[in-house]
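Enquirer: Here the sequence shown is numbered in UniProt numbering, starting from 1 and rising by one per residue.
Ideal placement from N, C-alpha and C gives every residue a C-beta, glycine not left out.
The following block contains the structure, expressed as structure tokens.
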Amino acid sequence: MIELSGITKAFGTNTVLSDISLKLQEGSVTALIGPSGGGKSTLLRCINLLEMPSSGTLKIGEAQVTFSEGRRLTRPQIQLIRQQTGMVFQNFQLFPHRTALENVMEGLVTVLNWPAEKARSRAMALLEKVGMAHKADAWPATLSGGQQQRIAIARALAPSPRVLLCDEPTSALDPELAAEVVDVLAQLAREGTTMVMATHDLRLASQIAETVIVLDGGQVVETGPARALFDAPTQERTARFIATLK
Ligand code: ADP
Ligand code: MG
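Shown next, in the form of structure tokens:
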């Protein structure tokens with residue numbers, strides 16, 4: 001359902017992703033792990049076009065785009081890919097001057113032009129799903145990090161994306177707040193949400209992901225079923241990295 005072929009990304013002369021090819025099945029959960037600077041965030045950002053890949057092809061559902069230097073995508077091409085992805089960031093990035101409910105409604109109203117009432121009821125249903133309906137009218141600053149992240153997840157899911165991209169969704173949180181976010185993500189995984197998440201959290205990765213991809217130096221070092229990869233990595237670089245997390 002999602003296919004990357006030969007995705008490369010350079011910032012100037014610095015190539016940070018080299019020839020990444022992967023396929024993600026509908027309903028699958030994939031964890032991206034690897035050392036800091038390995039390219040995890042850039043890869044996620046290339047999937048929703050927050051960064052433009054330098055070359056390669058990206059296919060999400062029926063949308064397919066091929067990148068090359070000096071070739072600019074049209075706005076509709078970009079929109080088509082973006083609408084199929086939802087992104088959750090390490091530091092939540094809620095709109096500070098909007099309530100929890102308004103944060104979740106925002107994209108539906110401004111990007112998809114939904115009538116406010118329809119957007120409100122979809123947003124309330126999503127707040128319900130992440131256990132935050134009781135805080136619908138709260139300002140982000142009055143909420144814990146775990147609560148803010150749960151609202152950010154609801155916001156990312158609002159337009160019914162085909163894939164939820166999470167960039168270190170628990171890294172900014174204390175363990176007990178991280179646990180409530182893991183619970184929400186685990187629930188979504190059980191319901192069949194397709195997800196790709198960059199994480200340093202082995203608990204998150206082994207609890208939720210079926211497949212793990214190890215990125216180091218902008219290359220896929222190893223990929224495999226989560227359990228097998230954590231218990232018996234085949235690559236020395238993977239083993240060394242996993243040892244640092246335990
Ligand atoms: P990770 O998320 O695995 O820690 P990143 O994708 O953030 O890795 O970074 C990979 C490499 O790309 C790093 O060397 C980083 O400095 C570089 N990089 C990321 N974003 C930019 C940018 N906007 N401009 C220049 N270099 C960048
Ligand atoms: Mg990162």
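1. Can you determine whether any heavy atom of the ligand ADP sits closer than 7 Å to the C-beta of Ala-186, and answer yes or no?
2. Tell me the DSSP bridge mates of Glu-117?
3. Use the C-beta contact count for Phe-11: other C-beta atoms within 10 angstroms, 16 or more gives buried, fewer gives exposed.
4. Quick one: which unbroken alpha helix (DSSP H) runs of 4-plus residues sit fully inside the region 11-55? Chain order, please.
5. Are there 16 or more other CB atoms within 10 angstroms of the CB of Arg-82, so buried, or fewer, so exposed?
6. State the DSSP-derived secondary structure class of Leu-164, mapped to helix, strand or coil.
7. Out of Arg-45, Ser-55 and Gln-25, state which residue places its alpha-carbon closest to the alpha-carbon of Thr-8.
8. Are there any heavy atoms of the ligand MG lying less than 7 Å away from the beta-carbon of Gly-168, as far as the coordinates show?
9. Identify whether Phe-241 lies in helix, strand or coil by the three-state DSSP scheme.
10. Please write down, chain order preserved, every residue whose beta carbon lies under 5 Å from a heavy atom of the ligand ADP.
11. Do you know offhand how far Ile-151's Cα is from Gly-192's?
12. Whose C-alpha, out of Gln-149, Lys-118 and Ala-119, is nearest the C-alpha of Met-132?
13. Is Ala-198 near the ligand MG, with its Cβ less than 7 Å from a heavy atom?
14. Considering only the beta carbon of each residue, do Val-88 and Ala-156 sit closer than 8 Å?
15. Can you tell me the Cα-Cα spacing of Val-130 and Val-104, whole angstroms?
16. Along the chain, where does the alpha helix (DSSP H) that runs through residue 262 open and close?
17. Would you tell me roughly how many angstroms separate the C-alpha atoms of Ala-141 and Glu-236, rounded to the nearest one?
18. Give a yes or no on whether the C-beta atoms belonging to Ala-31 and Ala-178 are separated by under 8 Å.
19. Within 10 angstroms of the Cβ of Asp-216, are there 16 or more other Cβ atoms? Answer buried if so, exposed if not.
20. What is the rounded straight-line gap between the Cα of Ile-60 and the Cα of Ala-205?
21. Excluding the five sequence neighbours on either side, which residues of its own chain have a C-beta within less than 7 Å of the C-beta of Pro-233, listed in chain order?
22. Indicate the three-state DSSP secondary structure (helix, strand or coil) for Ser-5 in the structure shown.
23. What's the gap between the Cα of Trp-114 and the Cα of Ala-154?
24. Do Met-124 and residue 324 have their beta-carbon atoms positioned less than 8 Å apart in this structure?
25. Residues in the same chain with beta-carbon distance under 8 Å from Thr-199, minus the five sequence neighbours each way, listed in chain order, please.
Expert: According to the data block:
1. Sequence index remark: in the sequence shown, residue 186 carries index 186 (1-based). It does not: the Cβ of Ala-186 is nowhere closer than 7 Å to a heavy atom of the ligand ADP.
2. In the sequence shown, the residue the question calls residue 117 occupies position 117. Bridge partners of Glu-117: none, in fact.
3. Residue numbering aside, residue 11 sits at position 11 when the sequence shown is read from its first letter. Phe-11 is exposed by the Cβ-count criterion.
4. 40-47
5. Taking the sequence shown and counting its residues from 1, one reaches residue 82 at position 82. The residue is buried, with at least 16 neighbouring Cβ atoms inside 10 Å.
6. Mapped onto the sequence shown, residue 164 falls at position 164. In this structure, Leu-164 counts as strand in the three-state DSSP scheme.
7. Walking along the sequence shown from the start, residue 8 turns up at place 8. Among Arg-45, Ser-55 and Gln-25, the Cα nearest to that of Thr-8 belongs to Ser-55.
8. Here residue 168 corresponds to residue number 168 of the sequence shown, with the count starting at 1. Checking the sequence shown, residue 168 turns out to be Glu, not Gly. Glu-168 Cβ: within cutoff of the ligand MG.
9. Numbered from 1 along the sequence shown, position 241 holds the residue referred to as residue 241. If DSSP states are grouped into helix, strand and coil, Phe-241 belongs with the helices.
10. Phe-11, Val-16, Ser-36, Gly-37, Gly-38, Gly-39, Lys-40, Ser-41 and Thr-42
11. As a position in the sequence shown, residue 151 is number 151, starting the count at 1. As a position in the sequence shown, residue 192 is number 192, starting the count at 1. Rounded to whole angstroms, Ile-151 to Gly-192 spans 19 Å at the Cα level.
12. Counting from one through the sequence shown, the residue named residue 132 turns up at place 132. Closest option to Met-132, Cα to Cα, is Gln-149.
13. Counting from 1 along the sequence shown, the entry for residue 198 is found at position 198. Under cutoff, so the answer is yes.
14. To locate residue 88, count along the sequence shown from 1; it is residue 88. To locate residue 156, count along the sequence shown from 1; it is residue 156. Yes, these two residues count as a Cβ contact at 8 Å.
15. Against the sequence shown, residue 130 aligns to sequence position 130. Against the sequence shown, residue 104 aligns to sequence position 104. Approximately 12 Å between the Cα atoms of the pair.
16. A query on residue 262 cannot be resolved here, the shown segment of the chain reaching from 1 to 246 and no further.
17. Sequence index remark: in the sequence shown, residue 141 carries index 141 (1-based). Sequence index remark: in the sequence shown, residue 236 carries index 236 (1-based). Near 43 Å, if we compare the C-alpha coordinates of Glu-236 and Ala-141.
18. The residue you call residue 31 lines up with position 31 of the sequence shown. The residue you call residue 178 lines up with position 178 of the sequence shown. Contact flag unset, no.
19. On the sequence shown, position 216 is the one that residue 216 refers to. Its Cβ being crowded by 16 or more others within 10 Å, Asp-216 is buried.
20. For the purposes of this step, residue 60 is taken as residue 60 along the sequence shown, with counting starting at 1. For the purposes of this step, residue 205 is taken as residue 205 along the sequence shown, with counting starting at 1. Taking the straight line from one Cα to the other gives about 23 Å.
21. If you number the sequence shown from 1, residue 233 lands on position 233. Excluding positions up to five away in sequence, the list reads Glu-222, Ala-239 and Ile-242.
22. Along the sequence shown, read from residue 1 onward, the residue named residue 5 stands at position 5. If DSSP states are grouped into helix, strand and coil, Ser-5 belongs with the strands.
23. Translated into the one-based positions of the sequence shown, residue 114 becomes position 114. Translated into the one-based positions of the sequence shown, residue 154 becomes position 154. Cα to Cα, Trp-114 sits roughly 17 Å from Ala-154.
24. This structure cannot settle anything about residue 324, because the visible part of the chain is limited to 1 through 246.
25. As a working mapping, residue 199 is identified with position 199 in the sequence shown. So the qualifying residues of the chain are Ala-31, Leu-32, Ile-33, Cys-166, Glu-168, Pro-169, Thr-170, Ser-171 and Ala-205.
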